[in-house]
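This note's numbering puts the first residue of the sequence shown at 1, with every later residue one more than the last.
Only one structure is covered here, and it is reproduced in the block below.
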Amino acid sequence: MKGIKVLVAVKRVVDYNVKVRVRTDGTGVDLTNVKMSMNPFDEIAVEEAVRLREAGIAKEVIAVSCGPKQCQETLRTALAIGADRALFVESDEDLQPLAVAKLLKALADQEHPDLIILGKQAIDDDSNQTGQMVAALSGMPQATFASKITIADGRATVAREVDGGAEMLSLALPAVVTTDLRLNEPRYVTLPSIMKAKKKPILIFVPNQLGVDVTPRIKTLKVSEPPKRSPGVMVPDVKALVEKLKNEAKII
Ligand code: AMP
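This is the structure:
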């Protein structure tokens with residue numbers, strides 16, 4: 001069969017619309033009754049892979065998620081967007097980027113994808129590490145923060161978002177690419193595609209099976225809320241404003 005095989009990593013995270021609350025003991029973010037969704041950058045990654053499939057450039061799109069059993073819902077969303085099948089690594093451990101990268105590498109060793117697409121960063125831990133680590137562990141070239149991907153003749157040409165412009169890279173496949181916000185606009189998932197996704201297969205693994213030790217290496221010491229902003233005051237005129245800036249704020 002012609003076409004490339006694409007592996008896409010999708011993480012289940014707190015929905016981007018949720019205003020997160022820090023637990024009162026400062027050990028982390030309170031997740032009780034909080035809406036969870038696919039990491040927005042991963043939605044862009046799935047969309048890009050599915051577009052490659054629809055353009056006949058990819059022959060198969062496989063979504064992967066690692067975490068607790070509810071990640072299967074995230075995988076169902078990826079399947080509804082258009083992924084062909086899914087791999088789920090079940091673990092209740094706090095999966096840190098290195099552990100996830102090792103799991104993705106182990107799956108890549110089994111599946112031999114030509115392209116691995118990840119989000120540039122997960123909006124919960126903001127690590128921006130997993131894609132880079134997968135590339136390093138697999139010995140694959142990488143292009144991070146992609147705003148355009150073109151596949152031709154066994155190579156990926158990637159435009160990267162960099163300060164003040166774009167950088168164009170050419171990578172030999174197999175390669176790792178991480179998505180930036182401007183790569184595409186993910187489609188709206190329709191009810192028929194959700195129904196169709198229910199029939200697509202999800203293969204389940206545990207980290208041990210893949211020979212990966214997922215024990216956390218980093219310990220969170222403390223999580224705290226940003227300082228509260230004090231309310232503003234109305235000043236009667238410019239003179240009063242200048243007076244406050246000079247004598248209270250001391251910035252002029
Ligand atoms: P991070 O390095 O944590 O900012 O995550 C970067 C990207 O790695 C995410 O956008 C996902 O594509 C992928 N990723 C991270 N953690 C997981 C996970 N538990 N399962 C699947 N993909 C993940």
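Just so you know, even glycine gets a beta-carbon here, dropped at the ideal spot from N, CA and C.
Based on the DSSP secondary-structure assignment, which residues constitute the bridge partners of residue 195?
Position 195 of the sequence shown, counted from the first residue, corresponds to residue 195. For residue 195, which the question treats as bridged, DSSP gives no partner whatsoever.
Give the range of the alpha helix (DSSP H) segment to which residue 132 is assigned.
Here residue 132 is taken as the residue at index 132 of the sequence shown, counted from 1. Here the alpha helix (DSSP H) through residue 132 covers 130 to 138.
Residue 52 lies in the alpha helix (DSSP H); which residues open and close that run?
Residue mapping note: residue 52 aligns to position 52 of the sequence shown, counting from 1. Note, residue 52: alpha helix (DSSP H), 40 to 54.
Would you give the residue range spanned by the beta strand (DSSP E) that residue 152 belongs to?
Numbered from its first residue, the sequence shown carries residue 152 at position 152. For residue 152, the enclosing beta strand (DSSP E) covers residues 142 to 152.
Grab me the residues of residue 117's own chain with a C-beta within less than 7 Å of its C-beta, minus the 5 sequence neighbours each way, in chain order.
Taking the first residue of the sequence shown as 1, we reach residue 117 at position 117. For residue 117, where only same-chain residues beyond five positions count, the Cβ hits under 7 Å are 6, 8, 45, 48, 49, 177 and 179.
Can you give me the start and stop residues for the alpha helix (DSSP H) that residue 81 sits inside?
As a first step, residue 81 is located in the sequence shown; it is residue number 81 there, counting from the start. From DSSP, the alpha helix (DSSP H) with residue 81 extends over 71 to 81.
Could you give the first and the last residue of the continuous alpha helix (DSSP H) run that contains residue 245?
Walking along the sequence shown from the start, residue 245 turns up at place 245. For residue 245, the enclosing alpha helix (DSSP H) starts and ends at 238 to 247.
I think residue 95 touches residue 13, with their Cβ atoms under 8 Å apart; what is that distance to the nearest whole Å?
Here residue 95 refers to the residue found at position 95 of the sequence shown. Here residue 13 refers to the residue found at position 13 of the sequence shown. Rounded, the Cβ-Cβ distance is 12 Å, inconsistent with contact.
Look at the Cβ atom of residue 130, then the Cβ atom of residue 100, and state whether they are nearer than 7 Å.
Within the sequence shown, the letter at position 130 stands for residue 130. Within the sequence shown, the letter at position 100 stands for residue 100. Going by C-beta atoms, residue 130 is nearer than 7 Å to residue 100.
Report the CB separation of residue 175 from residue 156 in whole angstroms; it is logged as a contact under 8 Å.
What you label residue 175 is simply residue 175 of the sequence shown in a count that begins at 1. What you label residue 156 is simply residue 156 of the sequence shown in a count that begins at 1. At roughly 5 Å, the Cβ-Cβ gap stays under 8 Å, so residue 175 and residue 156 are in contact.
Does any heavy atom of the ligand NAP sit closer than 6 Å to the C-beta of residue 241?
No copy of the ligand NAP occurs in the structure displayed; its ligands are the ligand AMP alone.
Got a sec? Which residues, its chain only, sit under 8 Å from residue 54 by beta carbon, not counting five neighbours each side?
By 1-based counting over the sequence shown, the position of residue 54 is 54. Excluding sequence neighbours, residue 54 sits near 82.
Going by C-alpha to C-alpha distance, which of 247, 135, 147 and 109 sits closest to residue 161?
To locate residue 161, count along the sequence shown from 1; it is residue 161. Residue 147 is the option with its Cα nearest to residue 161.
If you check the beta carbons only, do residue 202 and residue 86 fall under 7 Å apart?
As a first step, residue 202 must be located in the sequence shown, where it is residue number 202. As a first step, residue 86 must be located in the sequence shown, where it is residue number 86. Cβ atoms of residue 202 and residue 86: closer than 7 Å.
Rounded to the nearest angstrom, how far is the Cβ of residue 10 from that of residue 34, given a contact under 8 Å?
Within the sequence shown, the letter at position 10 stands for residue 10. Within the sequence shown, the letter at position 34 stands for residue 34. Actually they do not touch by this definition, with Cβ atoms about 18 Å apart.
Our contact map puts residue 133 next to residue 183 with C-beta atoms below 8 Å; I'd like the distance itself, whole angstroms only.
Indexing the sequence shown from 1 puts residue 133 at position 133. Indexing the sequence shown from 1 puts residue 183 at position 183. With 8 Å as the limit, residue 133 and residue 183 do not qualify as a contact, their Cβ atoms being about 21 Å apart.
Using the beta-carbon count (16 or more within 10 Å), is residue 92 buried or exposed?
The residue given as residue 92 occupies position 92 in the sequence shown. Burial call: exposed.
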